[in-house]
């Protein structure tokens, strides 16, 4: 057994439908920077999955494949450590999806809690794309193709992991071959949900309340200075609320000087510390963190060829692994014709 | 433009879940023997589709892939004229299926009349495999991958063709590229449904009322002699019913001497012609037709390598064509990354 074999395998990724932001960092990217040091990490740019509710705009998805890649590289995902690949270019995945669809009942698909909630959010009405209903099974294909041990997800995604493990157990039992392995969800501590600039919702592109890795320092300053704080904190000398105040939540996440944050919170609560001062400090902290990311991103974006090379390399490695799993799956089923 | 381009393209095939019989001959194989002379005919052994309701027994499907191939070759399908291939080995098909699933609503899938009827027949109850609900979309992938102009189907399969054409129109409109072509159903004259030996239902493996190409002459004689006829025709001198009498239906299909058949029908109707005599004649006609098929089948079955070669060649050709279509589809969608 060599070292690669002992490493845990991680599958993670993003739908390329928009640029990544600080919410992604807190929710998953930070985790991935750690995981790439200790695990064999596959990071999937899920263009096929994005199509399930963006079939009318694949061009947008294509553009964001490269934007998301730039975000990854800029924050420190290292293509020598993590395997970054494009989902639709891994040819074994749709075939695995179709085999797994035979192991799941129609009723089970309908009753996936995550999908049910997403359908409401997306306002499909009566026109739910069939591909969207099927995407949890594609996810099972993604996860099992790489024999992932760990999948970092938000708590709302736990039913997807359960669906995958149901398929794993059913496949292994039906074909009497322990080919597929059950996967474990890794849920971030503290929920991993960064509130948006509006302080009301989680940070999200669609709510227009996000700070992006592609934002230049001026834009970041403007966004920070217009952040929601405690609406009752009208005068500097008034006591202010720290709880539910996103400015302090951000400081908790990004200011390494925990003592200073604690003393600012105390001061703010008692009164005498103005929002402007707190925001000014947060702005410095965020600019310090985000400026090198922004600059690295800008630099990398000028060399499209290098980006293509990274995706090609990663996709090649992903194909080798997924193809091997598909071969084992077909052999277990007895679908090896010659 | 060369000759191949002007030929119409046909897609047809069978699910390898059992041996083929005379019902298949009347319903489609006879047609295919003609079509292979004038068209570019793809014949698909639909193992993936068979899995949608036989996921628990892929071994059976695998065995029947070769049985069905033997049936094809024995009745005269010529692998130099028709392209015979294994569905699950054409790697572009699942990917096309997933793209098309995004163009169909969940409600539309549920309301496919053919699928609804098949669900009742198969007695799935509450446990309908999701893959089974999705198979009309896989069929659309099969048909469009080869840019088929014609698909020979039974009348009950017309909703499947309509589903395919809906996808074709939606794809071409959405991606503003006339890549896919609409297909035409070819429904056999007289419905193309041969009654079974029981005279009550259509010939079908599951009803145990079929004469197979793999039946030896002794078995055929036994089956013919025990066929259902007119149950009121007790004595030779009694008048007998020709209508609904499968023995005469078979003679209509297989006896080239139409005058003789007409005179036998008249004699039988008036009385004086015994069932034994009619069956004896039918037996001779069927043995004459089926014995060379049986012997060719037996001979071919001894050379497994040659069979594998035929499937490999056909599957290679099918892959080339389907891959080309997939490339066009991805380009139309803008999913060409480099």
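Residue numbers (the working numbering), protein chains in the order written: chain A, 333 to 670; chain B, 333 to 670. Ideal placement from N, C-alpha and C gives every residue a C-beta, glycine not left out. Remember, it's a predicted structure, so these values are computed and weren't measured experimentally.
Under the three-pair Cβ rule at 8 Å, the region 426 to 441 of chain A counts as touching the region 424 to 435 of chain B. Out of A/338, A/385 and A/624, the CA that lies nearest to the CA of residue 455 of chain A is found in A/385. Residue environment for residue 663 of chain B: exposed (fewer than 16 other C-beta atoms within 10 angstroms of its C-beta). For residue 345 of chain B, the enclosing beta strand (DSSP E) covers residues 341 to 346. A distance below 9 Å separates the beta carbons of residue 618 of chain A and residue 354 of chain A. Below 8 Å, too few C-beta pairs join the region 534 to 553 of chain A and the region 363 to 373 of chain A to call them touching: fewer than three. Note that the C-beta distance between residue 610 of chain A and residue 586 of chain A is not below 9 Å. DSSP, reduced to helix, strand and coil, places residue 565 of chain A outside both helices and strands of the structure shown, so it counts as coil. Here residue 528 of chain A is buried, its C-beta having at least 16 other C-beta atoms within 10 Å. Not a single C-beta of chain A is nearer than 9 Å to the C-beta of residue 475 of chain B.
The three-state reading of DSSP puts residue 376 of chain A in strand, counting E and B together.
Around residue 384 of chain B, the beta-carbon contacts reaching into chain A at under 7 Å are 434. Runs of the alpha helix (DSSP H) lying entirely within the region 535 to 612 of chain B, each at least 4 residues long, are 549 to 557, 578 to 586 and 590 to 602 in chain order.
Residue burial annotation: residue 668 of chain A is exposed, with fewer than 16 other C-beta atoms found within 10 angstroms of its C-beta. Counting C-beta atoms within 10 angstroms of its own C-beta, residue 439 of chain A has fewer than 16 neighbours from the protein chains shown and is therefore classed as exposed. For residue 637 of chain A, the secondary structure class from DSSP, reduced to helix, strand or coil, is helix.
Taking 8 Å as the cut-off between beta carbons, the residues of the region 434 to 457 of chain A near chain B are 434, 435, 436, 437, 438, 439, 440 and 441, in sequence order. Within the same chain, Cβ atoms closer than 6 Å to the Cβ of residue 570 of chain A are found at 603, the five residues on either side in sequence being excluded. The residue from A/594, A/623 and A/607 with its alpha-carbon nearest to that of residue 548 of chain A is A/623.
Residue 414 of chain B carries a strand assignment under DSSP once its states are collapsed to helix, strand and coil. Inter-residue distance for residue 402 of chain A and residue 524 of chain A is about 22 Å (C-alpha atoms, whole angstroms).
Per DSSP, residue 351 of chain A is not a residue of any beta strand (DSSP E), being assigned neither H nor E.
When the five nearest sequence neighbours on each side are left out, the beta carbons in the same chain lying within less than 8 Å of the beta carbon of residue 460 of chain A are those of 451, in order along the chain. Runs of the alpha helix (DSSP H) spanning 4 or more residues and lying entirely within the region 431 to 468 of chain A occur at 438 to 442 and 445 to 454, in chain order.
Taking 9 Å as the threshold, the shortest C-beta distance from residue 429 of chain A to chain B falls below it. Counting only Cβ-Cβ distances below 9 Å, residue 483 of chain B has no contacts in chain A at all, with the closest Cβ about 21 Å away. If you draw a 10 Å sphere on the C-beta of residue 399 of chain A, you find 16 or more other C-beta atoms in it, and that means buried.
DSSP, read as helix, strand or coil, puts residue 517 of chain A in strand. Bridge pairing for residue 482 of chain B: B/342 and B/516 [DSSP]. Taken through DSSP and simplified to helix, strand or coil, residue 527 of chain B comes out as strand. For residue 669 of chain A, the chain B residues whose Cβ falls inside 8 Å of its Cβ are 394, 397, 418, 421, 640 and 643, in order along the chain. For a cut-off of 8 Å, the C-beta gap from residue 359 of chain A to residue 520 of chain A is around 6 Å, short enough to register as a contact. When only Cα atoms are considered, residue 448 of chain B and residue 487 of chain A end up about 37 Å apart.
Per DSSP, residue 667 of chain A lies in no alpha helix (DSSP H) segment and is marked neither H nor E. Excluding five sequence positions before and after residue 606 of chain B, the CB atoms of its chain that fall closer than 8 Å to its own CB belong to 568, given in chain order.
Taking 9 Å as the cut-off, the Cβ atoms of residue 553 of chain B and residue 615 of chain B count as close.
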